[in-house]
Amino acid sequence: MWHSATAISDSPAEGYLAKRGILRASDQLRYLERTPLGPRGAVQFLPAMLAAVTTDIGIIAIHRTFLDAPNAKLAGFDRPKRALGSLGCGAVRLAPPAAGRLGLAEGIESALSAMQMFGVPCWATLGNERFGLVAIPESVRELHLFIDNDPGGELADQRARKAFSASGRVIRSRVPASTGFDWNDELTARLARKT
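The sequence shown begins at 1 in UniProt numbering and counts up one residue at a time.
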């Protein structure tokens with residue numbers, strides 16, 4: 001599936017991200033017009049943004065964000081974001097750590113938004129409960145937790161601090177100003193205030 005997908009540029013996936021205020025994507029994202037969804041015998045083929053879930057050994061799973069391509073938004077059915085394969089200790093590694101710094105965010109859109117706003121390379125964990133499960137390189141000395149401003153974000157913060165504090169890393173938690181917001185909500189709100 002990953003190898004059948006195309007670069008995100010000039011695709012409905014790029015339009016979806018742009019509509020959410022995200023100006024730059026990652027080579028860890030691709031677009032596939034006919035992405036399978038459903039069990040054998042009832043498979044549908046729908047447009048989706050694909051994300052490589054990787055570890056140091058390579059791709060271990062694919063995350064699919066199904067799209068309503070003509071309207072550049074999420075598909076209008078239950079759970080339009082789904083993983084295919086076991087996530088294990090993998091993450092969507094949107095950018096490599098730089099100068100010993102790395103950020104974690106729950107979702108792909110939040111991670112891309114945090115990168116855009118703060119200039120910190122980020123990985124998407126694909127779940128608040130997964131913040132402590134993702135394998136972080138030893139070279140990371142400063143870990144930024146771009147958590148949601150909700151109980152799930154608090155869980156993410158606790159899990160990451162428990163998993164990564166003993167290694168002597170500096171851990172910085174960053175929370176959006178508004179309750180219930182993730183970092184993409186924060187980005188779109190800031191952009192709306194500027195217009």
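Where is the CB? At the ideal position from N, CA and C, for every residue including glycine.
- Bounds of the beta strand (DSSP E) holding GLY103 are 101 to 105.
- Sixteen is the threshold: when 16 or more other Cβ atoms of the shown chains lie within 10 Å of the Cβ of GLY90, as they do, the residue is buried.
- ILE171 has its alpha-carbon roughly 12 Å from the corresponding atom of GLY100.
- Considering only HIS63, VAL175, ILE62, the residue with the shortest C-alpha distance to LEU104 is VAL175.
- The beta carbon of LYS81 is closer than 6 Å to those of THR65 in its chain, skipping five residues each way along the sequence.
- Taking the C-beta atoms as reference points, VAL134 is found no nearer than 8 Å to ILE108.
- The Cβ atoms of ILE57 and LEU84 lie no closer than 8 Å to each other.
- Only residues of its own chain outside the window of five on either side were considered, and among them ILE22 have a CB closer than 6 Å to the CB of LEU112, listed in chain order.
- Within the same chain, and ignoring the five residues on either side of ASN149 in sequence, the residues whose Cβ sits closer than 7 Å to its Cβ are VAL175, PRO176, SER178, THR179, GLY180, PHE181.
- The three-state secondary structure of PRO47, taken from DSSP, is strand.
- Under the 10 Å beta carbon count, VAL140 is surrounded by 16 or more other beta carbons and is classified as buried.
- Taking C-alpha positions only, PRO39 is separated from LYS19 by approximately 31 Å.
- Here DSSP, grouped into helix, strand and coil, assigns PHE66 to strand.
- A straight-line Cα-Cα distance of about 30 Å links LEU50 and LYS162.
- For LYS73 against TYR16, the beta-carbon gap comes to about 6 Å, under 8 Å, which counts as contact.
- Between SER173 and the set ILE147, LEU191, ILE8, the nearest pair of CA atoms involves ILE147.
- With respect to ALA48, LEU67 sits close: the two C-beta atoms are nearer than 8 Å.
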